[in-house]
Amino acid sequence: METYQTRQQAVRLLDEVLQANLDGFKPSGKDNLIEKGLGSIQIMQIVSELKKLGIKLSFAKLMENPTLEDWIRLIEKANIKNIDKKTESREKNISEEFPLTDVQYAYFVGREEDQVLGGVGCHAYLEIDGQEIVTDKLTAAWNCLQMENPMLRAKFNRNGTQQIMEEPYSKEVKIFNYTSLSEEDADIKLLEMRKEMSHRKFDIEVGEVASLSIALLKDKKHRIFLDIDILVADIMSIGIIMSRLVELYCGEDKVSIDSNYTFKNYLEERKIDDEIYKKDKEFWKKKIESSFPLEAPNLPINKKPEMIEKVVFSRRKKIISKENWIKIKENAYKNKVTPSMVLLSAYSMIIERWTNQEKFVINVPLFNRDVNDNSVKRMVADFTNLLLVECERKNEKFLDRVKTISGTFLENASHSSYSGVQVQRDVYKEVGKTINIAPVVFACNIDYPLETQETRKIFGKINYMVSQTPQVWLDFQTYLVDDEIVLCWDVVDELYPDGMIDDMFDSLYTLLQSLSDNENWYRLPEILPLNQIEDREKELKNILPMSYPKQTLYTEFLDRIKVNPEKVAIVDAQSGIELTYGDLYKKALIIATNLISFGVKKNDYVGITLPRGYSQIVGILGILFAGAAYVPIGINQPNERRRKIYEQIGIKHVLSNKNTIRDFNLDDTDITFVDIDQSTIQSIIEKPVNISPFDTAYVIMTSGTTGIPKGVEIAHNSAVNTINDLNERYEVNANDSVIMVSAIDFDLSVYDIFGILSAGGTIITLDDNNFKDPELWLKLIEKYEVTMWNSVPILFDMLVTMAEGKDVSIPLRLVFLSGDWIATTLPKRFYNRSKNSLVVGMGGATEASIWSNYINISKEIPENWISIPYGKALKNQVYRVVDGLGRICPNYVKGELLIGGVGVAKGYRGDKELTEKKFVESDGVKWYRTGDAGRTWNDGTIEFLGRLDNQVKVKGHRIELGEIEDALIGNPKINKAVVDVIKIGTNNQLVAFIESNESKDHALTRLSSNEKINKLKSEYIDYDEYLNSENNMVLGLIFSIFMDLGISQGKRYSFDEIMKFGEIDIGYELLVKRWLLLLQEHSMISLEDGIYLFKKIDIALDTTVNLDNFKNNVVDIIQGKKQAVDVFYASESKLSPSRLLKKLKNYKKI
């Protein structure tokens, strides 16, 4: 009988909720309740009310079957659990302390100054403009309101509890009389008040949680200022405060709530069922441990959050008209989704495009208020629970997106007893450090209006509102005003690049407006801002139709011969030999004739392997004059890789000399080696073989992921396009000269040779013994009055460093730097030693003809530059940044750099599959997918951000780590190999880790013939043994330091207590956390519920190392008494890294 009555009561409950929320519409049993306007919040409230009756139905289940008929069927099938009826009276001692909710605690901790983007109160601020106010009545109403609502009299204690005070912190309504001021002067005062109050941090420990002020203006106008800490009031509570304040102001003194029933009672009565809690915890645990861990949206930022000293939020607001909102809702109901899910889905699409992430999390506050309990419905308190909703990167129609998001939301919401705050704590434990995975928030309040017609009639209209939440980066809030939907973004602007948030917000607004047309639900939305679409289209138009130069690489060189054949073209630094343009031409024709006699034909591919010097340039021109393409292969290349290149490219002839052939064992039965120094030809060809500018000029080899080299095939006119642009742009002429520091198998050499020869200038060549000698470079610059430099940054750094050491100038007029990161200090160091000079940073890819972009670098680098950006595209070239789905990235979003235009290579010689993968056609342009990461700034500047794949640059050369690993594993003595790159200063250094197939004794015996390695034999230490001995010493030292800081063994401490008792400087908080984690991993301490137990352990430090002085200094450093730099790097410091190293027992200088 009792079960029957419970079910009947449940059905009556459904009727009451539907009548209250469907504007009097009475649905039939088969009506889709979501289509009729029932929102997710109301459905969650139904779940809550049914639970009170002992009926457990999940939120997801009700959303799956949103008809009254189905819900009644679910109620009839549900098991009913007996609910204990509470007979005790409600709160008697209202002032008792009670715990904070998870969300309150997160807000509470976030107020602390040491928190990243913390140090602010969770605070809402609004201004109301109106006329005809009676201040005495407003003050009386405010006092009454505070007495009616206990949480407006709450204070928050340092021990993490809250309690209700008998009296509010202040009964005063502050009144500012500006009636005598002009409108202009009054506006200044009002802005000052906004600045002061909108971001203030209440003293919540003494109960300051809310404030009401009013400014009286001319013509009986006024502005009311309400600000409140969200610890005591969620967004619905603010609406309650406003409507109740009006009621009290108008004389409605009937108490709207039971003031003896407090938020404390509510929390106690809603304690979570242990079984549900465990299931929900397990649900989230699986998500945390999945292959797609919970991650924050990786929005582009201009500054690291921890670098922001004062957190200030600003608000952006847009309004969707009543007419359009009705259409959007109708379309939502038609597609069987709720309006709130439409807003969340649109938001997720915007965040997705501005992150280019496979998966990320949006933080969704749920307002778990029971609106069917009158005492709770009108209660002012923070009922918020946080739900994390994962979003995936997909190129999908809007309807598909909203269905996916709705499904994820429903599933996660059905496991929300384990709150988002708890989930974040579990993530911290999983990754071993504190990270913010939920700084992007979606707070939807479209079911209950923030202001009503009555509040606007009596007090006026809200004209400004802003909120701030600790550790939140972006907060999207929505609420209704006069059936219009207000979209608000509260943002920490200092975090983001200028203009980016505006673009995002505009795109969201455009997307939502488009959803008033149901057809747009079935289309792929265009998210990219219109101005950026226009910019990308303009960039394409600038190179279309593509204009290819009509010259070959040597066309301009031939013209220079006609003008001045006696001009010196090449100076060999080692021998002093000088070749004029006429000499160079004749020698090249002889080589071309010789090659032809050996069977080289037009469009063949001829290898060139020669030591550095002028012969390389002569040989390259000779190959081109024969109508062939040159393929430079370094003399130090292993023969196995050399053979792979021959096979891959289809090389039948290699130009070299007898010494190189002999010394490097170049002999190969399938290859004809042509000696550059020998020729038996009686007569030479009169002129170069006639070729097309579209024919291949050269093939540059780069690393391949499979261990097989890739041959980048470049046409004459593609390389000429780059050369012509730079020579015109920087007025390179016959008076210019360059030292050729780049090897010919590195494409910077293409410009050194053909850029200078095309301009009529002079090339100074080096040999293999001195090409990295900066002292020689300085002498050559002075001797030959060198005007230009072209190299990777590290070589130029060597030059500048040498000049600084000798205190001499560097009289270059033009410097080209590319191939690697340019240190931001390098250009200024050079400018300090040179006058009337220009440093040009360039980048691109071998696959796009040397360079594709340029930037003129000034002496003073902008402070906000982390690195030197790529700059703008060169003539007839264009960049595009795309995401993982091939879509154009919005400005500032990291994606893959694509290069298009005239400079793009033909492809990879002999590798059709890879060519089709890396070279794509789109919008009438051929694009090369670089595999580089980059982004576009609002002014069109391209910024390089590193590699996306496993390829790295070392000293300007692109190296595939996979190729090196493949070569190592090819050694029969090596079982496994991993190659990585480490950063030393601004330079990359390769390191390899190998697992050998042989024993250590056998390996040492085999290597004993090497004298240096033999010295190591007696000092060989087993790796595991070494780690055990040295790690134990470090662990013991850390544990001992904690003891010296006043931490006792066998006692328990929270992290805050450790910091407090140890008097540890807040700047070392992260270091202490890492230490604790290390000790925990080695079972020297334990951690339970946030409390550390230091176990009783005997620590015996190695006295031979004498670490007492070291330990004492570390204690002083982390207590802020000494600076680490002063201790470890002071002149003659006994604790310098080099001296400490020598104290280790296994140290031995080799």
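Its first residue numbered 1, the sequence shown is counted upward by one per residue in the UniProt record's numbering.
Glycine is no exception: its CB is placed at the ideal position from the N, C-alpha and C atoms.
From a predicted model like this one, the values you see are computed outputs, not experimental measurements.
Subject >> Test item: CB-CB of residue 934 and residue 881 under 9 Å >> reply: For residue 934 and residue 881, yes; Cβs fall inside 9 Å.
**OP:** Could you name the residues that DSSP lists as bridge partners for residue 489?
**Re:** According to DSSP, residue 489 bridges with 316, 476.
Original post:
Tell me, which residues are paired with residue 927 by DSSP?
Top reply: In DSSP, residue 927 forms a bridge with 900, 920.
**OP:** Would you kindly check if the distance between the Cβ of residue 918 and the Cβ of residue 909 is under 9 Å?
**Re:** The answer is no: Cβ separation not under 9 Å.
Original post:
Is it buried or exposed for residue 250, if we count other Cβ within 10 angstroms and need 16 for buried?
Top reply: Under this definition residue 250 is an exposed residue.
Original post:
The alpha helix (DSSP H) with residue 110 in it runs from where to where?
Top reply: Its alpha helix (DSSP H) spans residues 102-110.
**OP:** Look at the alpha carbon of residue 1068 and the alpha carbon of residue 307, and state the distance between them as a whole number of angstroms.
**Re:** Going by the C-alpha atoms only, they are around 16 Å apart.
**OP:** Find out if the Cβ-Cβ distance for the pair residue 361, residue 389 is shorter than 9 Å.
**Re:** For residue 361 and residue 389, yes; Cβs fall inside 9 Å.
Original post:
Thinking just about the alpha-carbon of each residue, which of 866, 903, 204, 1121 is nearest to the one in residue 946?
Top reply: It is 866.
Subject >> Entirely enclosed alpha helix (DSSP H) segments - the segment 129-157, minimum 4 residues >> reply: DSSP runs (the alpha helix (DSSP H)) wholly in the segment 129-157: 135-148.
Subject >> DSSP-derived helix/strand/coil call for residue 750 >> reply: Residue 750: helix per DSSP, three-state reduction.
Original post:
Since residue 238 contacts residue 450 with CB under 8 Å, what's their CB separation in whole angstroms?
Top reply: With a Cβ gap of about 7 Å, residue 238 and residue 450 count as contacting.
Subject >> Boundaries (first-last residue) of the alpha helix (DSSP H) holding residue 308 >> reply: Counting along the chain, no alpha helix (DSSP H) covers residue 308, and no H or E run does either.
Subject >> Supposed contact pair residue 53 and residue 6 - C-beta distance, whole angstroms, cut 8 Å >> reply: Correct: roughly 5 Å between the Cβ atoms.
Original post:
What residue ranges within the segment 818-875 form continuous alpha helix (DSSP H) runs of no fewer than 4 residues, ordered along the chain?
Top reply: Scanning the segment 818-875 from its first residue to its last, the whole alpha helix (DSSP H) runs of 4-plus residues come out as 826-831.
**OP:** Can you tell me which of the three DSSP states residue 364 falls into?
**Re:** Strand.
Original post:
Beta-carbon separation of residue 458 and residue 481 under 9 Å?
Top reply: The Cβ atoms of residue 458 and residue 481 lie no closer than 9 Å to each other.
Subject >> Best match in 66, 823, 657, 1059 for proximity to residue 335 [C-alpha to C-alpha] >> reply: Residue 66 is the option with its Cα nearest to residue 335.
**OP:** Answer with buried or exposed for residue 158, where buried requires no fewer than 16 other C-beta atoms within 10 angstroms of its C-beta.
**Re:** Under the 10 Å beta carbon count, residue 158 is surrounded by fewer than 16 other beta carbons and is classified as exposed.
Original post:
Considering only residues of the segment 630-680, which uninterrupted beta strand (DSSP E) runs meet the minimum length of 3 residues and lie entirely inside it, listed in chain order?
Top reply: Taking only runs of at least 3 residues, the beta strand (DSSP E) segments lying wholly in the segment 630-680 are 653-656, 672-675.
Original post:
Thinking C-beta only, is residue 691 closer than 9 Å to residue 1153?
Top reply: Because the chain here runs from 1 to 1150, residue 1153 falls outside it and cannot be looked at.
Original post:
To the nearest whole angstrom, what separates the beta carbons of residue 521 and residue 418, a pair I think is in contact under 8 Å?
Top reply: Their Cβ separation, rounded to whole angstroms, is 33 Å, which puts residue 521 and residue 418 out of contact at 8 Å.
Subject >> Buried/exposed call for residue 1154, threshold 16 Cβ in 10 Å >> reply: Outside the modelled stretch of the chain, which goes from 1 to 1150, sits residue 1154, for which no answer is possible.
Original post:
If you draw a straight line from the alpha carbon of residue 333 to that of residue 34, how long is it in whole angstroms?
Top reply: Cα to Cα, the separation comes out at about 6 Å.
Original post:
Would you report the Cα separation of residue 566 and residue 779, rounded to the nearest angstrom?
Top reply: Their Cα atoms are separated by approximately 25 Å.
Subject >> Bridge partner(s) assigned by DSSP for residue 789 >> reply: 815.
Subject >> Reduced DSSP secondary structure (H/G/I, E/B, other) of residue 326 >> reply: It is helical.
Original post:
Is it right to say residue 4 is buried, meaning 16 or more other beta carbons lie within 10 angstroms of its own, or is it exposed?
Top reply: It counts as exposed.
**OP:** Pull up the distance between the alpha-carbon of residue 252 and that of residue 227, whole angstroms please.
**Re:** Straight-line spacing of the CA atoms in residue 252 and residue 227 works out to 23 Å.
Original post:
Between residue 59 and residue 43, is the Cβ-Cβ spacing less than 9 Å?
Top reply: Contact: yes.
Original post:
From what residue to what residue does the beta strand (DSSP E) around residue 72 run?
Top reply: Counting along the chain, residue 72 sits inside no beta strand (DSSP E); it lies in the alpha helix (DSSP H) bounded by residues 68-77.
Original post:
Within this structure, are the beta carbons of residue 790 and residue 741 separated by less than 9 Å?
Top reply: Less than 9 Å divides the Cβ of residue 790 from the Cβ of residue 741.
Original post:
Around the Cβ of residue 533, are there at least 16 other Cβ atoms within 10 angstroms (buried) or fewer (exposed)?
Top reply: If you draw a 10 Å sphere on the C-beta of residue 533, you find fewer than 16 other C-beta atoms in it, and that means exposed.
**OP:** Can you check the segment 687-736 for any beta strand (DSSP E) of at least 3 residues that lies completely inside it and give the ranges in chain order?
**Re:** Complete beta strand (DSSP E) runs here, min 3: 696-702, 710-715.
**OP:** Decide yes or no for the touch test of the segment 741-751 against the segment 569-580: beta carbon pairs closer than 8 Å, at least 3 of them.
**Re:** No: the two stretches stay apart, fewer than three of their Cβ pairs being nearer than 8 Å.
Subject >> Neighbour-count burial assignment, residue 102, 16 or more Cβ in a 10 Å radius >> reply: A residue is called buried when at least 16 other Cβ atoms come within 10 angstroms of its Cβ; residue 102 meets this threshold and is buried.
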